[in-house]
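Q: If you scroll down you'll find the structure; I have some questions about it.
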Amino acid sequence: MTDRLYTVDLTQWNGPFTPAQQDGATAAMESGNVVYLPKLDFQFNPEEQKFLTPVWSNGAAKNISYDHRNGRIQGMEGDQTAQHELAALLKRYSESTLTLMQGLFPQYKAALLRMRTSYRPVEIKGRVSKVTKDDTRLHPDQFPARPVGGKRIIRIFCNVNPEGKGRDWRIGEPFADFAGKFVPRLKAPFPGSRDLMYMLRITRTPRTMYDHYMLQLHDQGKMDDRYQHSAPQIPFVFPPHCTWTCFTDEVLHAVDAGQYLLEQTYLLPVEAMKNPEKSPLRVLEKLMGKKLM
Ligand code: SIN
Ligand code: FE
Numbered sequence: 000m001t002d003r004l005y006t007v008d009l010t011q012w013n014g015p016f017t018p019a020q021q022d023g024a025t026a027a028m029e030s031g032n033v034v035y036l037p038k039l040d041f042q043f044n045p046e047e048q049k050f051l052t053p054v055w056s057n058g059a060a061k062n063i064s065y066d067h068r069n070g071r072i073q074g075m076e077g078d079q080t081a082q083h084e085l086a087a088l089l090k091r092y093s094e095s096t097l098t099l100m101q102g103l104f105p106q107y108k109a110a111l112l113r114m115r116t117s118y119r120p121v122e123i124k125g126r127v128s129k130v131t132k133d134d135t136r137l138h139p140d141q142f143p144a145r146p147v148g149g150k151r152i153i154r155i156f157c158n159v160n161p162e163g164k165g166r167d168w169r170i171g172e173p174f175a176d177f178a179g180k181f182v183p184r185l186k187a188p189f190p191g192s193r194d195l196m197y198m199l200r201i202t203r204t205p206r207t208m209y210d211h212y213m214l215q216l217h218d219q220g221k222m223d224d225r226y227q228h229s230a231p232q233i234p235f236v237f238p239p240h241c242t243w244t245c246f247t248d249e250v251l252h253a254v255d256a257g258q259y260l261l262e263q264t265y266l267l268p269v270e271a272m273k274n275p276e277k278s279p280l281r282v283l284e285k286l287m288g289k290k291l292m
């Protein structure tokens, strides 16, 4: 497992960052590995400890989410004051991750797009969801309603569990191996279907060919029981009070157990990578023998 993790011993979100760490972490990310920061924790203030219970989740959404662009919080139960307090916590997490991303990945700094922040206070184990939404199944991330248009998805996670519980992940095979198995089964979109989904507001923007095929890979992979059981996968438990990040559109992952996680999503244009040919976009284009953007 350790060969899929690149460990950086940072203790502060604002560094200091050495050139060796920056080069190593960037290379690890672009090779489809996970950058692991075992000593980097995110602190809740004493008055924020009350958020360490699942009762704040409204049960409808999987997670509580926060959008730093408008300060809005979604999926949360609780009065205005509590909503403001949790929003402030998530804003602080979001800004901490931005400092880290810009410091550790200077290559991406100018192009990085900061998206939504989430808080996941509900235990994963035993949670029921429909197959394509079931994150206990190996998958690369894709957003059904929010097409990425070829951009990379980076997520940065911090396990804030106060009870000593780790977050049990499995990490799957390299993206090209996974995609190679499923490409023969991928179907072209029905003519007009992507415009229709946009008109009906099923998607925020029209899905590109890349979004269409990546979503199929995500769904087909999750629905294939044989693949789920037989595909190469290595378990790793992220202990409490640690942080990790990776390109989740590329790194196949599944979560079996764990409670209380903070997560920040970023998008990155493929051209901002050191090696754009390593992106799922280029890998998929090569496998399918055509342009997808
Ligand atoms: C996922 O992105 O599939 C879930 C990760 C997690 O909640 O640990
Ligand atoms: Fe995921």
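First residue of the sequence shown: 0, per numbering that gives the first Met the number 0; consecutive thereafter.
Even glycine gets a Cβ: it sits at the ideal position worked out from N, Cα and C.
Nothing here was measured: the structure is a model prediction, and the numbers come from that model.
#1: Assess contact between the region 83–93 and the region 214–223, defined as three or more Cβ pairs (one per stretch) separated by less than 8 Å. Is contact present?
#2: What is the rounded straight-line gap between the Cα of T131 and the Cα of C157?
#3: Measuring alpha carbon to alpha carbon, tell me which residue in L251, G257, K180 and N44 is nearest F164.
#4: Along the beta strand (DSSP E) that carries T116, what are the first and last residues, could you check?
#5: On the DSSP letters alone, give me the boundaries of the beta strand (DSSP E) that V34 sits inside.
#6: Just mark I63 as buried or exposed, buried being the case when its beta carbon has 16 or more other beta carbons within 10 Å.
#7: Flag this pair as yes or no: are the beta carbons of Q263 and Y35 separated by less than 8 Å?
#8: Under DSSP, the alpha helix (DSSP H) around R193 begins and ends at which residues?
#9: Quick one: Cα of H67 to Cα of F246, how far?
#10: Below 8 Å CB to CB, which residues in the same chain sit around M196 once its five sequence neighbours on both sides are set aside?
#11: In this structure, does DSSP put Y226 in helix, strand or coil?
#12: Measuring only the C-alpha atoms, how far is F104 from G148?
#13: Looking at the unbroken beta strand (DSSP E) that takes in R68, where does it start and where does it end?
#14: According to DSSP, which residues form a beta bridge with G77?
#15: Which residues count as close to the ligand SIN when the rule is a CB under 5 Å from any of its heavy atoms, in chain order?
#16: Flag T247 as yes when its Cβ comes closer than 7 Å to any non-hydrogen atom of the ligand FE, and as no otherwise.
#17: Would you say the beta carbon of L85 comes nearer than 7 Å to a heavy atom of the ligand NAP?
#18: Here's the rule I'm using: 16 or more other beta-carbon atoms within 10 Å means buried, otherwise exposed. How should Q227 be labelled?
#19: Whole angstroms are fine: how far does the CA of P234 sit from the CA of N359?
#20: Please state the DSSP three-state secondary structure of Y212.
#21: Are there 16 or more other CB atoms within 10 angstroms of the CB of R136, so buried, or fewer, so exposed?
#22: Closer than 7 Å: is that where the CB of H252 sits relative to any heavy atom of the ligand FE?
#23: Got a sec: does the ligand FE put a non-hydrogen atom nearer than 7 Å to the Cβ of D140?
A: Let me lay it out:
#1: no
#2: For the purposes of this step, residue 131 is taken as residue 132 along the sequence shown, with counting starting at 1. For the purposes of this step, residue 157 is taken as residue 158 along the sequence shown, with counting starting at 1. Cα to Cα, the separation comes out at about 24 Å.
#3: The count along the sequence shown starts at 1 and reaches residue 164 at position 165. Checking the sequence shown, residue 164 turns out to be Lys, not Phe. Checking every option, the nearest Cα to that of K164 belongs to G257.
#4: Translated into the one-based positions of the sequence shown, residue 116 becomes position 117. L112 to R119 is the extent of the beta strand (DSSP E) around T116.
#5: Residue mapping note: residue 34 aligns to position 35 of the sequence shown, counting from 1. Looking at the DSSP string, the run of the beta strand (DSSP E) that includes V34 is V33 to L36.
#6: Reading the sequence shown from its first residue, position 64 is the one you call residue 63. Per the 10 Å Cβ criterion, buried.
#7: In the sequence shown, counting from the first residue as 1, residue 263 sits at position 264. In the sequence shown, counting from the first residue as 1, residue 35 sits at position 36. No, they are not a contact pair.
#8: By 1-based counting over the sequence shown, the position of residue 193 is 194. Looking at the DSSP string, the run of the alpha helix (DSSP H) that includes R193 is S192 to M198.
#9: Here residue 67 refers to the residue found at position 68 when the sequence shown is read from its first residue. Here residue 246 refers to the residue found at position 247 when the sequence shown is read from its first residue. Roughly 21 Å between the two C-alpha positions.
#10: Taking the first residue of the sequence shown as position 1, residue 196 is located at position 197. Here the set comprises T202, P205 and R206.
#11: As a working note, residue 226 is residue 227 in the sequence shown. The answer is helix: DSSP assigns Y226 an H, G or I state.
#12: Indexing the sequence shown from 1 puts residue 104 at position 105. Indexing the sequence shown from 1 puts residue 148 at position 149. For F104 and G148, the distance between alpha carbons rounds to 22 Å.
#13: In the sequence shown, counting from the first residue as 1, residue 68 sits at position 69. Careful: R68 lies outside any beta strand (DSSP E) and carries neither H nor E.
#14: The sequence position of residue 77 within the sequence shown is 78, counting from 1. Partner(s): none; G77 has no beta bridge.
#15: D134 and V254
#16: Here residue 247 refers to the residue found at position 248 when the sequence shown is read from its first residue. Indeed, a heavy atom of the ligand FE lies less than 7 Å from the Cβ.
#17: What this structure holds is the ligand SIN and the ligand FE, not the ligand NAP.
#18: Looking up residue 227 in the sequence shown gives position 228. Under this definition Q227 is a buried residue.
#19: The shown model of the chain, from 0 to 292, leaves out residue 359, and the question about it has no answer.
#20: Taking the first residue of the sequence shown as position 1, residue 212 is located at position 213. The answer is helix: DSSP assigns Y212 an H, G or I state.
#21: Taking the sequence shown and counting its residues from 1, the one referred to as residue 136 is at position 137. Classification of R136: buried, given that the 10 Å Cβ count is 16 or more.
#22: Mapped onto the sequence shown, residue 252 falls at position 253. It does: the Cβ of H252 is within 7 Å (strictly closer) of some heavy atom of the ligand FE.
#23: Translated into the one-based positions of the sequence shown, residue 140 becomes position 141. At least one heavy atom of the ligand FE is nearer than 7 Å to the Cβ of D140, so yes.
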